[in-house]
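This report concerns only the one structure given below.
Residue numbers (the working numbering): 420 to 623.
Take a look at the structure:
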């Protein structure tokens, strides 16, 4: 694969994990009743906090695994693959849950938790970004991470328009389709990790 294909594939994987389109109904439910200025401020905070969190954990995660927990990247790949698959299956089978709206007094705090973490940047996104860094290198990981978070921010800002276009039913369908892709990515990580640990040759 050339560099652009790696960037495209890595960005696509991160967008699938972040799942901003599928989370549109949840974001709108949290921001119900907020004036437009506060909603934009909330989404800016969520995107910035999510980006910084993911950036720091992506570039420090491998060192933490190796030096503090003495876990190899392939062991992490196996665990991460299992985690992604379980999260995806759980989200596919779990019905939509209602959330309380955020008040205007707590915009900044709620922009960080729960909107940025864990709704936008959860365990799956952290696992995926660390594995993208290990597989593709720091430059591709940085470009892919920045592109995925920028697109997620744009979707957050346009969430009202997108929700009107897709409707609640359309948003739920997109969300479930995304989680099927996440399950496939999880299985891929799992199989590659097992192959590396046991020195097996993967079929092309």
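Heads up, the beta-carbon is just placed ideally off N, CA and C, and yes, glycines get one too. In this text, all values refer to a predicted model and were calculated from it rather than measured experimentally.
Inter-residue distance for residue 503 and residue 557 is about 22 angstroms (C-alpha atoms, whole angstroms). As the crow flies, the alpha-carbon of residue 437 is around 6 angstroms from that of residue 540. With a threshold of 16 other beta carbon atoms within 10 Å, residue 449 meets it and is buried.
By the Cβ-count criterion, residue 605 is buried, with 16 or more other Cβ atoms from all chains shown falling within 10 Å of its own Cβ. A straight line joining the alpha-carbon of residue 568 with that of residue 617 spans about 35 angstroms. Taking 8 angstroms as the cut-off, the Cβ atoms of residue 496 and residue 612 count as close. Minimum Cα-Cα distance from residue 581 among the listed residues 446, 422, 562 corresponds to 446.
In this structure, residue 578 and residue 443 form a Cβ contact; the two beta carbons are roughly 5 angstroms apart against a cut-off of 8 angstroms.
Note on residue 470: 16 or more other CB atoms within 10 angstroms of its CB, so buried under the neighbour-count rule.
In this structure, residue 507 lies near residue 602, with their beta-carbon atoms less than 8 angstroms apart. Between the alpha carbons of residue 608 and residue 586 lies a distance of about 33 angstroms.
If only uninterrupted alpha helix (DSSP H) runs of at least 4 residues are considered, those enclosed by the stretch 506 to 588 are 526 to 529, 542 to 555, 557 to 576.
DSSP, reduced to helix, strand and coil, places residue 490 outside both helices and strands of the structure shown, so it counts as coil.
Excluding the 5 residues flanking it on each side, residue 565 has same chain C-beta neighbours closer than 8 angstroms at 470, in chain order. For the set 477, 553, 440, 571, the Cα lying nearest the Cα of residue 584 is the one of 440.
The C-beta of residue 485 has fewer than 16 other C-beta atoms within 10 Å across all chains shown, which makes the residue exposed.
Counting C-beta atoms within 10 angstroms of its own C-beta, residue 572 has 16 or more neighbours from the protein chains shown and is therefore classed as buried. In the DSSP assignment, residue 428 falls within the unbroken alpha helix (DSSP H) covering 422 to 437.
The residues 559, 562, 563, in chain order, have a CB closer than 6 angstroms to that of residue 426 in the same chain once the five nearest residues on each side in sequence are set aside. In this structure residue 536 is not in contact with residue 477, their Cβ atoms being roughly 14 angstroms apart against a cut-off of 8 angstroms.
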